[in-house]
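Take a look at the structure set out below.
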Amino acid sequence: MSQTSRLTIPPPLSLYIHIPWCVKKCPYCDFNSHEHKEIQNFNDMESMYVEALIKDLEYSLPKIWGRKIHSIFFGGGTPSLFSGKAIQKILSQIRALTPILYEAEITLEANPGTIDTDHFEDYKDAGITRVSLGIQSFNDAHLMSLGRIHSSLEAKKGIEIAMHHFNEVNLDLMYALPHQTLDEAIHDAKTATSFNTTHLSFYHLTIEPNTFFFKHPPQLPLDDESAEMQETIEAILNEHGYQHYEISAFAKPKSECRHNLNYWQFGDYLGIGAGAHSKLTFHDKMIRESRYKNPKQYMEKVNSQSMIESETIIHENDLAFEFMMNHLRLINGFAIKNFEEKTGLNISSIDKELKTALDKKLISM
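Numbering (the working numbering), first residue to last: 81 to 445.
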C-alpha cells in the first residue's frame with residue numbers, strides 16, 4: 081500500500097472489552113449478547129472469561145507494542161453483571177501489560193437493574209472513571225415493550241447512585257419507540273436533563289435483522305413524527321447546555337466520550353472478548369479483525385491463540401470511504417489535515433467525490 085506507507089504516526093489507540101452476557105435479551109438488540117440464566121455457575125464463568133480476556137490481551141501485545149492506550153470501554157451485553165473484583169483484575173492486568181495514558185477515560189456500561197451502591201463503589205475502586213447507564217426510557221410501559229428489566233423508579237435511583245460515585249455519567253435513551261407520542265418523548269428528554277449528567281445519548285430505535293422486533297414488527301411512529309421527536313429532543317438538550325457533537329451524542333463542555341470520539345475520528349482500537357472487533361494501523365497496512373462470537377468457543381480458541389475469526393486488510397481504495405463513514409457522524413465534520421494523517425492519502429485523491437457531494441449539498445466546506 082504505497083499511499084498508507086505515509087502513515088508515519090499511528091493514530092490514538094483505544095481498548096474495547098466485550099462482556100457478552102445480559103439478564104435478558106431485548107427485542108431490539110442485535111449486539112453479541114447471551115442470557116446468563118443459561119449458565120449454571122456464573123461466578124465460575126466470570127473467572128474463566130476474565131482469564132480468557134487477559135490471555136487475549138497478552139497474545140495481542142505484538143500488534144500494539146509500545147503504543148499507549150488512550151481510553152478503555154467495557155461494553156456488552158451487560159458489563160455490570162461482572163463483579164468489581166473481576167473488573168479490578170482485568171484493569172490491573174491491563175496496567176501491567178500496557179502503558180495507559182495518564183487520566184485515561186475508562187467507561188463501564190451498566191444496566192439500572194443490575195447495580196447498587198456497592199457495585200459502583202467497587203467499580204470506582206477498580207479504576208472505572210465513567211459510567212454509561214442504559215436507561216432507554218422513563219416510561220414504564222415503554223420499558224416493558226422494550227424488554228428492559230428495570231422500572232422508571234429503578235432507573236432514577238441508578239442515576240442518583242452513579243452520580244454520587246462518578247463525575248462522568250452518560251445516560252442512553254431511545255426515541256421513536258412503539259406507540260410513543262411526541263409528549264412522551266419530550267417527557268423522557270426533560271427527565272433526562274433534570275439529572276444534569278455530563279453526557280446524554282438519544283438513539284432513534286431501528287429495527288435490525290436477527291432481532292425479535294424484526295420478526296414481529298411493532299407499530300412505530302411515522303417518519304414525520306419521529307423527525308419531530310428528534311428536532312424537539314435536540315432543542316431541549318441544547319436549552320440545558322448539552323452540545324450536539326455526534327448524530328446521537330450530546331455532552332456538557334469537555335465531557336464528550338473520548339472513546340467513541342476515537343472511533344469516529346478513525347482512530348485505532350483493539351477489541352478483546354467474544355465477538356469484539358479491532359481496527360489497527362501499521363506502517364504498511366491497516367487491518368480490521370473480529371473474534372469468535374460464541375463465548376464458549378471464544379474461550380476455547382483463546383487457549384490455542386486462535387481467537388480471531390476473521391482479519392481483513394483495508395484496501396487503499398476503501399480508506400477514504402471508511403474515514404468518511406466514521407468522521408461524518410460528527411457534527412463538525414473533519415479537517416483536511418486529519419484526513420491526510422489518518423489515511424495517508426492526499427485530499428486531492430477524492431476531489432471528484434467531494435465535488436459531487438458539494439454539488440448535491442450533502443456536505444459544506
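A virtual CB, placed ideally from N, CA and C, is assigned to each residue, including glycine. Treat the numbers as computed from the prediction; the structure is a model and nothing was measured.
Item, Value
"Is L171 closer than 9 Å to A206 when the C-beta atoms are compared?", "yes"
"For the alpha helix (DSSP H) that T446 lies in, which residues bound it at each end?", "With the chain represented from 81 up to 445, any question about residue 446 goes unanswered, as that position is not in the structure."
"Please check the pair H116 and G155, which I expect to be a contact at CB under 8 Å, by giving their CB distance rounded to whole angstroms.", "16 Å between Cβ atoms; not a contact."
"Residue range of the beta strand (DSSP E) that M405 falls in?", "That residue, M405, is in no beta strand (DSSP E); its alpha helix (DSSP H) goes 396-407."
"Cα separation between Y182 and S113?", "32 Å"
"Going by other Cβ atoms of all chains shown within 10 Å of its Cβ, with 16 needed for buried, is W145 buried or exposed?", "exposed"
"So K104 packs on G227, CB below 8 Å; how close in whole Å?", "6 Å"
"Can you tell me whether I443 is buried or exposed, with buried defined as 16 or more other CB within 10 angstroms of its CB?", "exposed"
"Could you compute how far the alpha carbon of A307 sits from the alpha carbon of Q168?", "42 Å"
"With contact counted as at least three CB pairs below 8 Å, one residue from each stretch, are the region 239-254 and the region 279-286 in contact?", "yes"
"Determine the contact status of L350 and Y96, defining contact as a CB-CB distance below 9 Å.", "yes"
"Roughly how many angstroms separate the alpha carbons of I316 and S232, rounded to a whole number?", "20 Å"
"For K432, which of I134, A400, H395 has the nearest alpha-carbon?", "A400"
"DSSP three-state call for N250: helix, strand or coil?", "strand"
"From the DSSP output, in three-state form, read off L188 for me.", "strand"
"Answer yes or no: do Q323 and Y255 have a C-beta to C-beta separation smaller than 9 Å?", "no"
"Can you list, in chain order, the residues of its chain whose CB lies under 8 Å from that of L262, leaving out five sequence neighbours each side?", "E305, E308, M309, T312"
"Which two residues bound the contiguous alpha helix (DSSP H) that contains L442?", "Counting along the chain, L442 falls outside any alpha helix (DSSP H), and DSSP gives it neither H nor E."
"Please work out which residues of its chain come closer than 8 Å, Cβ to Cβ, to N290, disregarding the five sequence neighbours upstream and downstream, and give them in chain order.", "D110"
"Just verifying my parser: in three-state terms, what is the DSSP assignment at L257?", "coil"
"Nearest-angstrom Cα distance between H150 and S428?", "31 Å"
"Where does F282 fall in DSSP's three states?", "strand"
"Mapping DSSP to helix, strand and coil, what is V103?", "coil"
"I'd like the span of the beta strand (DSSP E) that includes F330, first residue to last.", "329-331"
"In this structure, how does DSSP classify Q299 when only helix, strand and coil are distinguished?", "coil"
"Is the region 268-275 touching the region 211-221, taking contact as three or more C-beta pairs under 8 Å?", "yes"
"Would you call the CB atoms of F200 and I174 closer than 9 Å?", "no"
"Less than 9 Å between the beta carbons of P90 and Q345, yes or no?", "no"
"Grouping DSSP H, G and I as helix and E and B as strand, with all else coil, what is M387?", "coil"
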